[in-house]
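S.K.: Read left to right, the sequence shown gives residues 5 to 130 (my numbering).
C-beta: ideal position from N, C-alpha, C; glycine also.
Every value quoted in this text rests on a predicted model; they were computed, and no experiment measured them.
Okay, handing you the structure first.
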Amino acid sequence: MRCDQYIGLNDWAKNFVRGEKVLDHYEIVVIQHLDGTVELKEERRPVHRWTVKGVPSGNTFDGMFRENGVDPYPLLRYIFEDGRIFEEYLQVTIHSSGPMFFIALYDQDGKVVPESVWPTEELNKY
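Quick look at the structure:
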């Protein structure tokens with residue numbers, strides 16, 4: 005069966021755009037009973053967030069099966085807390101029982117991020 009195969013970013017890039025996990029706030033549990041009494045639990049639940057936001061960039065690419073009603077694949081923009089922005093691009097498509105899509109990153113100046121590029125020896129495994 006032929007199908008699109010979204011491989012995505014390499015491991016380095018996945019870790020890079022994840023950012024860091026930081027404590028954002030605590031949730032405190034309050035229980036309000038049906039009789040109107042309120043109970044404050046002695047429990048603070050830490051809530052974390054990632055320091056990078058991934059949002060749609062507005063750029064997309066089509067797979068092999070676009071004519072069959074498959075939507076285009078969205079590419080993401082990653083916004084770091086310090087203002088840096090990185091965007092995904094389609095590095096290469098390899099055909100093996102359908103297209104395989106390998107994604108890499110470029111920075112806000114349009115320069116390719118070398119560590120995000122899939123190396124040839126890795127691509128040759130597919």
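Helix, strand or coil: which one does DSSP assign to Asn-19?
M.R.: The three-state reading of DSSP puts Asn-19 in helix, counting H, G and I together.
S.K.: Ile-83 and Val-59: beta carbons closer than 9 Å?
M.R.: Cβ distance < 9 Å, so Ile-83 and Val-59 count as in contact.
S.K.: From Pro-123 to His-52, what distance separates their C-alpha atoms?
M.R.: 33 Å
S.K.: Measuring only the C-alpha atoms, how far is Asp-111 from Leu-44?
M.R.: 47 Å
S.K.: Can you tell me whether Thr-97 is helix, strand or coil according to DSSP?
M.R.: strand
S.K.: Does DSSP classify Pro-123 as helix, strand or coil?
M.R.: coil
S.K.: If I follow the unbroken beta strand (DSSP E) through Lys-57, where does it start and stop?
M.R.: Counted as a single uninterrupted DSSP element, the beta strand (DSSP E) harbouring Lys-57 occupies residues 56–65.
S.K.: Counting C-beta neighbours from all protein chains within 10 Å, is the total for Ser-120 16 or more, i.e. buried, or is it exposed?
M.R.: buried
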